[in-house]
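**Student:**
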Amino acid sequence: MSEKTYDVPAEWSSRAYVDEAKYREIYAASVKDPVAFWGEHGKRIHWFAPYTKVKNTSYDPHNVSIKWYEDGLTNVAYNCVDRHLATRGDQVAIIWEGDNPAEDKKITYRELYEEVCRFANVLKSRGVKKGDRVTLYLPMIPEAAYAMLACARIGAIHSVVFGGFSPDSLAGRIEDAGSTVIVTADEGLRGGRKVPLKLNTDAACDRAGGVESVIVVRRTGANVPMRSGRDVYYDEIAKNMPAECAVAEMNAEDPLFILYTSGSTGKPKGVLHTTGGYLVYAAMTHQYVFDYHDGDIYWCTADVGWVTGHSYIVYGPLANGATTLMFEGVPNYPTISRFWEVIDKHKVNIFYTAPTAIRSLMQAGEAPVTKTSRASLRLLGSVGEPINPEAWEWYHRVVGDHRCPIVDTWWQTETGGILITPLPGAIKLKPGSATLPFFGVVPEVVDANGQVLDGVCEGNLVLSDSWPGQMRTVYGDHERFVQTYFSTYAGKYFTGDGCRRDADGFYWITGRVDDVINVSGHRMGTAEVESALVAHPKVSEAAVVGYPHDIKGQGIYAYVTLMSDIEPSEELRKELVNWVRKEIGPIAQPDLIQFAPSLPKTRSGKIMRRILRKIAEDEFGNLGDTSTLADPGVVEDLIGNRQNRR
Ligand code: PRX
């Protein structure tokens, strides 16, 4: 824990929306009377019919129900696009920066309107109706934003699947959502390499069944197989479509999107977000956390396949009439200076990225950063995993020239928007701390028994009341929603994160306390990797844990027991790594595989993961109680054969 603090720079307390006194005053009011607070702030979006009820939420495990603005009518696309036409039709809405630095594009709000309408008409022509689930498997091209907004416009529910996921992972998500229409591209382009999105989609459709229509956006122009009757090129139908399309009036609680995320058990779950509360929350946090003012150029480097891309590339910024930059590429292509070159090229003022990117760029030293100007930068942001103080300091000193505050934003797919974060003009910074809750957010730290802890403490992070951006259910499985989030500590939303609170009341997120690991800011269930491994014919058993990794934050360590007639080998190790890549996607590939003749189990046969975690972390001097092990000899073998982390 770093003891260093950085006070709010003087120019920030005068330019920002709120200073510290104001933050404390607004925060106190927001938690004292959430109905009055959110009733007022709900007005930041346009409603076709105003709400009369603001909040109707229950965390009672027998009746978990979350509704905000429940009788209001609105439309997300209307708010993100149409509403701005009168005042900012010619303002740039999206700056698109291609993988290749020679390719870029600026899309005004008027152009965005036309593109979204056209896309909506294409979806309608393929039979998409209100309430239908449309799976989007797209690279970071403007069409990804058009497609999301087009779904919102006609009341369809999008499910964006990250382009790095395998055909199997895509198939599972298509099936769970019951999508009959998929939007994809011929190929994606990242770091100069092609990603076979259409071929993956074909393989996924073969597995999932039920897909009636595949709409293919041309990105690289590759010659991909097109199945007649099912597949169409987007541009071929779009050219005949009008650039006008009526918006569907949606109830505030109508679903907006499903986004699959990993949990500690089972298959990824479909996190469901709805319309009104989500948009109010995404827009409000975007404005205050990034202190967004008209004319600012804002860049979030996430992929739209993750929640950060949903809330802070597309919905939050566009609802605020912002200029949002969308980047197709990767931080180190064609040069290690790419991020900073893009910042100079487009005069980016606000830059939001993940600690893993900072750590990997740090390795190349300061020169690739300092040779660029970055004079336009005013604010930096961090998201997705704990940021270690060394990376924070480097980001602050080298990237931000000591000048730019860093907002370390803690939140989750489930929360829809940022919950714990500094506000840049209000809160002093401590490297590694997400600091204080956003308006209306009530964090608590509890011990293992659910006892709420006071003052300086360490335990698990829960939220004791709802906020408008909260997920509403697990798609198709409300019971799983209740079980996962509301049963551990009855009456509270359990985040799955550990947390410390210091003497200033600042929160320090220490990482997941469940079987979820965070690899390069990507959330991965250890159970998912295990089930991919045991699906291999040579594997009898597998246990997967995380271990500290200098760049990725956490790496994936897999203990694998082979079938009795199979000998371990380097080839098999490689084969298993590739197998997991193919089954789930490259983000899930194990960093280290240890072949283990057997795994440590209790007498009742339960794998003792705590021990496996300690061994993977090289902390085997401190294994804790091993007296319940069925065969204590197993541990010595595991320690003796552990894989070297370097
Ligand atoms: O463990 C926390 C970590 O990422 C988890 C949520 O992952 P996901 O749903 O994929 O959303 C990522 C983008 C919001 C959390 O449970 N996490 C996220 N942000 C931070 C963080 N851990 C520490 N500090 C953060 N700023």
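Going by my numbering, the first residue of the sequence shown is number -18, and it counts up by one from there. Backbone N, C-alpha and C define an ideal beta-carbon position, used for all residues, glycine too. The model shown is predicted, which means the values in this text are computed figures rather than measured ones.
#1: Using the beta-carbon count (16 or more within 10 Å), is PHE29 buried or exposed?
#2: Quick one: grab the DSSP three-state call for PHE18.
#3: CA-CA distance, THR165 and TRP392?
#4: With a threshold of 16 other CB atoms inside 10 Å of the CB of HIS628, please say whether the residue is buried or exposed.
#5: To the nearest angstrom, how far is the alpha carbon of VAL205 from that of LYS179?
#6: How big is the Cα-Cα spacing for THR396 and MET452?
#7: So, with DSSP's three-state summary, where would you put ASP41?
#8: Find out if the Cβ-Cβ distance for the pair ALA407, ALA(-3) is shorter than 8 Å.
#9: Using the DSSP secondary-structure output, state which residues sit across from LEU610 in a beta bridge.
#10: Less than 7 Å between the CB of ARG453 and some heavy atom of ligand 1, yes or no?
#11: Just confirm the distance between the C-beta atoms of TYR259 and GLY450, as a whole number of angstroms; I'd bet it's less than 8 Å.
#12: LYS175: which of VAL561, ASP149, ALA203 and ILE278 sits nearest, CA to CA?
#13: Under 8 Å between the Cβ atoms of LEU66 and ARG91?
#14: Can we count GLN464 as close to ligand 1, meaning its CB is less than 7 Å from some heavy atom?
#15: Is the beta carbon of SER147 less than 8 Å from the beta carbon of MET505?
#16: Please classify ASP167 as buried or exposed, where buried requires at least 16 neighbouring CB atoms within 10 angstroms.
#17: Where does LYS411 sit, in a helix, a strand or coil, going by DSSP?
#18: Out of ASN60, GLU6 and LEU557, which one is the CA nearest neighbour of GLY297?
#19: According to DSSP, simplified to helix, strand and coil, what is GLU556?
#20: Taking its Cβ as the centre, do 16 or more other Cβ atoms sit within 10 Å of LYS595, making it buried, or is it exposed?
#21: Is the Cβ-Cβ distance between TYR466 and TYR474 less than 8 Å?
#22: Starting from LEU306, follow its DSSP beta bridges and name the residues at the other end.
#23: Pick out the complete beta strand (DSSP E) segments inside the region 47 to 99, 3 residues or longer, and give them in chain order.
#24: When the distance is taken between beta carbons, is SER447 closer than 8 Å to THR38?
#25: Under 8 Å, Cβ to Cβ, is there at least one residue of chain D near PRO518?
#26: On the premise that LEU151 lies in contact with VAL142, defined as a C-beta separation below 8 Å, what is that separation, rounded to the nearest angstrom?
#27: Grouping DSSP H, G and I as helix and E and B as strand, with all else coil, what is THR201?
#28: Pick out the complete beta strand (DSSP E) segments inside the region 245 to 273, 3 residues or longer, and give them in chain order.
#29: DSSP on TRP321, reduced to helix/strand/coil?
#30: Considering only heavy atoms of ligand 2, does any lie closer than 7 Å to the CB of TRP392?
#31: Buried or exposed: which applies to GLU124, given that a residue is buried once 16 or more other Cβ atoms fall within 10 Å of its Cβ?
#32: Under the criterion of a Cβ to heavy atom distance below 7 Å, does VAL426 qualify as lining ligand 1?
#33: Which residue comes first and which comes last in the beta strand (DSSP E) that contains SER363?
#34: State yes or no: is the C-beta of GLY144 within less than 8 Å of the C-beta of TYR127?
#35: May I ask whether a heavy atom of ligand 1 can be found less than 7 Å away from the beta carbon of ILE196?
#36: Would PRO403 and SER363 qualify as a contact pair, given that the criterion is a beta-carbon distance under 8 Å?
**Tutor:** Let me lay it out:
#1: For this step, residue 29 is matched to residue 48 along the sequence shown. Residue environment analysis places PHE29 among the exposed positions, since fewer than 16 neighbouring C-beta atoms fall within 10 angstroms of its C-beta.
#2: For the purposes of this step, residue 18 is identified with residue 37 of the sequence shown, where counting begins at 1. The answer is helix: DSSP assigns PHE18 an H, G or I state.
#3: Position 184 of the sequence shown holds residue 165. Position 411 of the sequence shown holds residue 392. In this structure, the alpha-carbon of THR165 lies about 28 Å from that of TRP392.
#4: With the chain covering -18 to 627 only, the question about residue 628 has no answer from this structure.
#5: To locate residue 205, count along the sequence shown from 1; it is residue 224. To locate residue 179, count along the sequence shown from 1; it is residue 198. Going from the Cα of VAL205 to the Cα of LYS179 covers about 7 Å.
#6: Locating residue 396 in the sequence shown gives position 415, counting from the first residue. Locating residue 452 in the sequence shown gives position 471, counting from the first residue. Rounded to the nearest angstrom, the two C-alpha atoms are 6 Å apart.
#7: The count along the sequence shown starts at 1 and reaches residue 41 at position 60. Three-state DSSP puts ASP41 in coil, outside helix and strand.
#8: Taking the sequence shown and counting its residues from 1, the one referred to as residue 407 is at position 426. Taking the sequence shown and counting its residues from 1, the one referred to as residue -3 is at position 16. ALA407 is a Cβ neighbour of ALA(-3), given a cutoff of 8 Å.
#9: Looking up residue 610 in the sequence shown gives position 629. LEU610 is bridged to THR583.
#10: The residue labelled residue 453 in the question sits at position 472 within the sequence shown. Checking every heavy atom of ligand 1 against the Cβ of ARG453, none is found closer than 7 Å.
#11: Position 278 of the sequence shown holds residue 259. Position 469 of the sequence shown holds residue 450. Approximately 5 Å separates the beta-carbon atoms of TYR259 and GLY450; this is inside 8 Å, confirming the contact.
#12: In the sequence shown, residue 175 corresponds to position 194, counting from 1. Nearest C-alpha to LYS175: ALA203.
#13: In the sequence shown, the residue the question calls residue 66 occupies position 85. In the sequence shown, the residue the question calls residue 91 occupies position 110. Going by C-beta atoms, LEU66 is nearer than 8 Å to ARG91.
#14: Residue numbering aside, residue 464 sits at position 483 when the sequence shown is read from its first letter. Flag unset: Cβ of GLN464 not near ligand 1.
#15: If you number the sequence shown from 1, residue 147 lands on position 166. If you number the sequence shown from 1, residue 505 lands on position 524. Not a contact, by the Cβ cut-off of 8 Å.
#16: Taking the sequence shown and counting its residues from 1, one reaches residue 167 at position 186. Buried, because 16 or more other Cβ atoms sit within 10 Å of the Cβ of ASP167.
#17: The residue you call residue 411 lines up with position 430 of the sequence shown. Under the three-state reduction of DSSP, LYS411 is assigned to coil, being neither helix nor strand.
#18: Looking up residue 297 in the sequence shown gives position 316. The residue with the shortest Cα to Cα distance from GLY297 is ASN60.
#19: Indexing the sequence shown from 1 puts residue 556 at position 575. Helix at GLU556.
#20: Looking up residue 595 in the sequence shown gives position 614. LYS595 is buried by the Cβ-count criterion.
#21: In the sequence shown, the residue the question calls residue 466 occupies position 485. In the sequence shown, the residue the question calls residue 474 occupies position 493. A Cβ-Cβ contact shorter than 8 Å links TYR466 with TYR474.
#22: Looking up residue 306 in the sequence shown gives position 325. DSSP, once it has assigned bridges, lists ILE76 and TRP280 as partnering LEU306.
#23: If we require 3 residues or more, the beta strand (DSSP E) runs fully inside the region 47 to 99 come out as 73 to 78 and 85 to 89.
#24: Residue 38 sits at position 57 when you count from the first residue of the sequence shown. Residue 447 sits at position 466 when you count from the first residue of the sequence shown. Yes, they are a contact pair.
#25: Of the protein chains in the structure, only one exists, and it is not chain D.
#26: For the purposes of this step, residue 142 is taken as residue 161 along the sequence shown, with counting starting at 1. For the purposes of this step, residue 151 is taken as residue 170 along the sequence shown, with counting starting at 1. In this structure VAL142 touches LEU151 by the C-beta definition: roughly 5 Å separates them, less than 8 Å.
#27: On the sequence shown, position 220 is the one that residue 201 refers to. THR201: coil per DSSP, three-state reduction.
#28: Here the runs fully enclosed are 250 to 255.
#29: One-based indexing of the sequence shown puts residue 321 at position 340. Helix, per DSSP.
#30: This structure simply doesn't include ligand 2; it includes ligand 1 instead.
#31: Here the question's residue 124 lines up with position 143 in the sequence shown. By the 16-neighbour rule on beta-carbons within 10 angstroms, GLU124 is buried.
#32: The count along the sequence shown starts at 1 and reaches residue 426 at position 445. Because no heavy atom of ligand 1 lies under 7 Å away, the Cβ of VAL426 does not count as near it: no.
#33: On the sequence shown, position 382 is the one that residue 363 refers to. 360 to 364 is the extent of the beta strand (DSSP E) around SER363.
#34: As a first step, residue 144 is located in the sequence shown; it is residue number 163 there, counting from the start. As a first step, residue 127 is located in the sequence shown; it is residue number 146 there, counting from the start. Cβ distance not < 8 Å, so GLY144 and TYR127 don't count as in contact.
#35: One-based indexing of the sequence shown puts residue 196 at position 215. Checking the Cβ of ILE196 against ligand 1 gives no.
#36: The residue you call residue 403 lines up with position 422 of the sequence shown. The residue you call residue 363 lines up with position 382 of the sequence shown. No.
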